[in-house]
Every structure is written in structure tokens, then in C-alpha cells.
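First comes the structure, then the notes that go with it.
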Amino acid sequence: MLVLTDPALETAEEGPVTIEDWVDETYGSGRAVLGDRLRPAGEAKTVRRRKGEVIVSDGPFAEAHELIGGFDVLECDSLDEAVEVASRHPMAAAGIIQLHPAWPLDL
């Protein structure tokens, strides 16, 4: 689950619960296992390798209008359950939440 800012949003709604309550209910139930806020975009680096050369630039890639502010790793039984969990996050009302199902690495 990616937590993003929404530059098009003029007035943020209040979420159904506070971030503290969301963390307590989501991490407390075991449906979230890892997460944190990210440092500001100005402290980020973008790394590419092209034709054997490593190219490093400041900040997120230029096309990004929304900035990733944080993430949470959810463990839900279904995508519908993940949507329900994400919909209660305060940033679903004040920003954008993206859900990206993951493929486990078979190591």
C-alpha cells in the first residue's frame, strides 16, 4: 500500500479514524506488518543503469505529480479486504492510497 499526496486536492477531508487509531487497529489485527513515513522527496535519489552506466538524479522521477509519503505492507486474505483496510487510512481522504498486490519471491 503506497500513501501519496494529492496535489489536486484543495481541501482535505477528515478520515474516518486518526492515523494512530488506524495503526492500532490495522497493525493490532495483524493485517499490516511493516510501514513507515518516507523522508521528503528532496532527499530521495532516482537510480538508473543504462548501457552499463549508473545514473543518479535527485528526487523522484520528474513525471511524478503525486509524491509517495509512506507505505504499509498489508497481509490480507483478499484484495477486497485490502481495499477496506486502505479506505480507513486518513490519507484515503486527504491524499491517495494505491494498493499493489505483490508476488512473493520464491527463494
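The sequence shown begins at 1 in the UniProt record's numbering and counts up one residue at a time. In this text, a Cβ means the ideal position worked out from N, Cα and C, and glycines have one as well. Note that the coordinates shown come from a computational prediction; the quantities given were computed from them, not determined experimentally.
Following the DSSP letters along the chain, one finds Gly15 in no beta strand (DSSP E), marked with neither H nor E.
A check of alpha carbon separations from Val73 across Ala12, Val54, Gly30 identifies Gly30 as the nearest.
Between the alpha carbons of Ile96 and Val85 lies a distance of about 14 Å. For Val33, same chain residues with a beta-carbon under 7 Å away, outside a window of 5 residues either side, are Val73, Glu75 in chain order. By the criterion of a C-beta distance shorter than 8 Å, Gly69 is surrounded in its chain by Val3, Leu4, Thr5, Arg37, Leu38, Met91, Gly95, once the five residues flanking it on both sides are discounted.
Under the three-state reduction of DSSP, Asp72 is assigned to strand. Counting the other CB atoms within 10 Å of its CB gives Trp22 a total of 16 or more, which places it among the buried residues.
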